[in-house]
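The listed protein sequences derive, respectively, from chains A and B. If you count the first sequence from 1, position 13 lands on 13 in our numbering, and the numbers rise without skipping. Here our numbering = 1-based position in the second sequence + 1000. All remarks here apply to the structure that follows.
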Amino acid sequence: MIEIRNLSKRYGDSTVIDNVSLDLADAGITAIIGPNGAGKSTLLGMISRLQSIDAGTVHIDGLDITATPSMTLARKLAILRQENQISTRLRVIDLVTFGRYPYCKGRPGPEDLEQVQRALAFLNLDDLAQRFLDTLSGGQRQRAYIAMVLCQDTDYVLLDEPLNNLDMKHAVDIMQLMQRASQAMGKKVIIVLHDINFAACYADDIVALQNGKLAFQGHPEALITADKMKALYDIDMTIERFKGRPIGLYYA
Amino acid sequence: MMRALKRLSPAARLAWVGLLTVLAGVAFMTWNVRAGWAFTLPFRGEKLVAIALVGYCIAISTVLFQTLTHNRILTPGIMGFDALYLLLQSVLVFSLGNLFYVQINAQLKWLLDVAVMTGAVCALYYWLFVRQRRDLHLLVLVGLIFGVLFRSFTSLITRMMDPAEFDALQDVMFASFNQIDGSLLGISLLVAAIVSALLWRARYAYDVLNLGDDPAITLGLDQRTLVMRTLVGIAILVSIATALVGPVTFFGLLVANLAYALAGTHQHRYVLPLAGLLATAILIGGQAILEHLLHFGTGLSILIEFGGGLFFILLVIRQGRRS
Ligand SMILES: Nc1ncnc2c1ncn2[C@@H]1O[C@H](COP(=O)(O)OP(=O)(O)OP(=O)(O)O)[C@@H](O)[C@H]1O
Ligand SMILES: [Mg+2]
């Protein structure tokens, strides 16, 4: 359980996260949606101790994140940020192996290497394992980063727009993989999505942010409605149904 | 040939560079011996150890500084270490007079140099990181500005000096591998060994830090503590090198980047020793050629700075083209 209480963050005069309180359950997929600049990445950054907290608290399984050793948190929570820039030249397999660092401290044993192989296979990266990251396409690189995060084998997996750069097949693959991870392995997946239809199809729970405030939290069924989408994104949307889930049409 | 080189494992590459270093050392020790072995071996031996230590300190501090800053064209020099060293020397010369300055107990002065330079970094760090909670890039920037400030102070002070004092200062303003004070070697070696042992323990953590600050924290690294400890270690190593031979700016850049290219891996447990060995091999080999083949007394520091500076310009041009 991730408990967020009265969380705030300010940059100068502007408040980018404004008194947000939120509970994220132990399992299932939570999608975070909202317009550009709503504060989604900032919220994720604060939950994962990468960005400082100005006011409020975050507890993960009862542990206050500001008072818990970083290494303990590294075995509970992994995050993929929206932007990833690595200055060294790394092979895909080396990057993914870094995901085992919280367990092996740089000296991977047979079990660690097995996890690495499994993560590579999960993301269709077997053939690319020995390639350097800077020789990959944007989508292939994104998959390598996701493999690293999965390799960290944490209960909580935070992904900030992981579908960036992915083609349709790989986007669907990733979402199905996350669904399996949450259903079969009991992982909690918190994922920032811009495509609300992916959120509608896969999320058990949707959190909508607007101007740093919590606009809504609830089941997709309750959130994906024409009124709410108009209020959140200021866009006219037609809601249809597909495989028992709401689908928003907004392309024209 | 290139193929075969590419297939070499990092350990084999390390061994080859090690062999090169040993060869350079042997050449330096045994080439052109005229004065009899009993005199030559201890005389050259002391110089060999000193040059090796300086090269090692410069290489390790540069590689680690680049790891901390995620930037391959920076050296610790950018934080104004050499400027602070020069300011310290000019203040000493000016306040004590050149006669007294030359006579100061060498160990005492060494201790003062190292303490002031390390202390300055710690103070700056404490102020920026702990009190203001700012990041490393601001620290580097502030160091850069302090460097300019120190340089201006130095030139102000030298303007007020009499010519004899200025002359004494000139001797320390430029790096020299020929007037290394042997009495400082013992303590320098000891301190460098202790610092290296402490830094070596974090060799896997540095690999993680190389990924960037965010991934490092995500993977459980206590990034602030590691950065702080490493900075202190860098400050001590730079101080040791500077106190022995004077300010060396670009050489670290050259060996660090050569080491990345030759190591064939990102892992610090290979890159660090390789950079240390490479720096030693270049300095000692260069000194052997200059001294015993070309019979130049001085000039190594000028040559390596020239080479390093040229390399720096190349790096900047290449980066500019890439982006
Ligand atoms: N370092 C900073 N200084 C000032 N403002 C910042 C800083 N970082 C973020 N912001 C502001 O905080 C707000 C929230 O940013 P955040 O990155 O969390 O948005 P987001 O919801 O992830 O948007 P997107 O969908 O575009 O990724 C934005 O208005 C942004 O301009
Ligand atoms: Mg974002």
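Glycine included, every Cβ here is placed at the ideal spot set by N, Cα and C.
Strictly under 8 Å for the Cβ-Cβ distance: is Ala74/A near chain B by that measure?
Sequence index remark: in the first sequence, residue 74/A carries index 74 (1-based). Yes, contact with chain B.
When the Cα of Phe1250/B is compared with those of Leu1315/B, Gly1264/B and Thr1069/B, which residue comes out closest?
As a working mapping, residue 1250/B is identified with position 250 in the second sequence. Measuring from the Cα of Phe1250/B, the nearest candidate turns out to be Leu1315/B.
Counting only Cβ pairs nearer than 9 Å, list the residues of chain A close to Val1208/B.
For this step, residue 1208/B is matched to residue 208 along the second sequence. Correct list: Phe98, Tyr101 and Gly106.
Give the single residue among Arg5/A, Gly34/A, Gly62/A and Tyr101/A whose Cα lies nearest to the Cα of Asn211/A.
Position 211 of the first sequence holds residue 211/A. Selected option, being the one with the closest Cα: Gly34/A.
Among Met229/A, Cys201/A and Asn84/A, which residue has its Cα nearest to the Cα of Gly28/A?
In the first sequence, the residue the question calls residue 28/A occupies position 28. Closest option to Gly28/A, Cα to Cα, is Cys201/A.
Going by DSSP in three states, Pro246/A sits in which element: helix, strand or coil?
Taking the first sequence and counting its residues from 1, one reaches residue 246/A at position 246. Pro246/A: strand per DSSP, three-state reduction.
Where Ser182/A falls, given that 16 or more other Cβ within 10 Å makes a residue buried
The residue given as residue 182/A occupies position 182 in the first sequence. Burial call: buried.
If we require 3 or more residues per run, which beta strand (DSSP E) segments fall completely within the stretch 73-109 of chain A?
77-80
In or out: Tyr1056/B buried (at least 16 other Cβ within 10 Å) or exposed?
Position 56 of the second sequence, counting from 1, holds the residue named residue 1056/B. Flag for Tyr1056/B reads buried.
Which whole-angstrom value is the C-beta distance of Met148/A and Val96/A, which I expect to be below 8 Å?
As a position in the first sequence, residue 148/A is number 148, starting the count at 1. As a position in the first sequence, residue 96/A is number 96, starting the count at 1. That pair is a contact at about 5 Å.
Just the Cα atoms here: how many angstroms apart are Leu1141/B and Phe1150/B?
On the second sequence, position 141 is the one that residue 1141/B refers to. On the second sequence, position 150 is the one that residue 1150/B refers to. Computed Cα separation, rounded: 14 Å.
Could you tell me whether the stretch 66-76 of chain A touches the stretch 1220-1239 of chain B, using the rule of 3 or more Cβ pairs below 8 Å?
yes
CA nearest to the CA of Cys151/A, picked from Arg180/A, Ala119/A and Gly186/A:
As a working mapping, residue 151/A is identified with position 151 in the first sequence. Checked all of Arg180/A, Ala119/A and Gly186/A; the closest Cα to Cys151/A is Ala119/A.
Which residues in the same chain have their Cβ closer than 8 Å to the Cβ of Lys228/A, if we skip the five residues on either side of it in sequence?
Here residue 228/A is taken as the residue at index 228 of the first sequence, counted from 1. Here the set comprises Ala208 and Phe216.
Chain A within 8 Å of Thr1218/B, Cβ atoms only
As a first step, residue 1218/B must be located in the second sequence, where it is residue number 218. Yes, because at least one Cβ of chain A sits closer than 8 Å to the Cβ of Thr1218/B.
What is the C-beta distance between Ala1059/B and Gly1276/B, in whole angstroms, given that I count them as a contact (C-beta under 8 Å)?
Walking along the second sequence from the start, residue 1059/B turns up at place 59. Walking along the second sequence from the start, residue 1276/B turns up at place 276. Right, their Cβ atoms sit about 5 Å apart.
Quick check on the DSSP output: what are the complete alpha helix (DSSP H) runs of length 4 or more inside the stretch 1078-1162 of chain B, in order along the chain?
1081-1096, 1098-1103, 1106-1125 and 1136-1159
Cβ of Arg49/A less than 8 Å from any chain B Cβ?
Numbered from its first residue, the first sequence carries residue 49/A at position 49. Cβ-Cβ to chain B under 8 Å: yes for Arg49/A.
Looking at Gln82/A and ligand 2, is the gap between the Cβ and the nearest heavy atom below 7 Å?
As a working mapping, residue 82/A is identified with position 82 in the first sequence. Yes; taking the cut-off as 7 Å, the Cβ of Gln82/A has a heavy atom of ligand 2 nearer than that.
What I want to know is whether the C-beta of Ala1164/B ends up closer than 7 Å to one or more non-hydrogen atoms of ligand 1.
The residue given as residue 1164/B occupies position 164 in the second sequence. Ala1164/B: no, Cβ never under 7 Å from ligand 1.
In this structure, does DSSP put Val1248/B in helix, strand or coil?
Along the second sequence, one-based indexing puts residue 1248/B at 248. In this structure, Val1248/B counts as coil in the three-state DSSP scheme.
Chain B partners of Arg89/A, CB-CB under 8 Å?
Along the first sequence, one-based indexing puts residue 89/A at 89. What Arg89/A touches in chain B: His1266.
Excluding the 5 residues preceding and the 5 following Ile146/A in the sequence, name in chain order all residues of the same chain whose CB lies nearer than 8 Å to its CB.
Residue mapping note: residue 146/A aligns to position 146 of the first sequence, counting from 1. Once the five neighbours on either side are set aside, the close Cβ partners of Ile146/A are Leu80, Leu123, Leu159, Pro162 and Ile174.
Can you give me the Cβ contacts of Asn164/A inside the same chain, cut-off strictly under 7 Å, excluding the 5 residues immediately before and after it?
As a working note, residue 164/A is residue 164 in the first sequence. So the list reads Gln142, once near-sequence residues are dropped.
Quick check: does the Cβ of Ser52/A come within less than 7 Å of any heavy atom belonging to ligand 1?
Numbered from 1 along the first sequence, position 52 holds the residue referred to as residue 52/A. No - ligand 1 has no heavy atom lying nearer than 7 Å to the Cβ of Ser52/A.
Given 8 Å as the limit, is there contact between the stretch 230-241 of chain A and the stretch 54-63 of chain A, that is, 3 or more CB pairs closer than that?
no
Residue environment, Asp1110/B, which counts as buried when at least 16 other CB atoms sit within 10 Å:
As a working note, residue 1110/B is residue 110 in the second sequence. Residue 1110/B is actually Trp in this sequence, not Asp. With 16 or more Cβ atoms within 10 Å of its Cβ, Trp1110/B is classed as buried.
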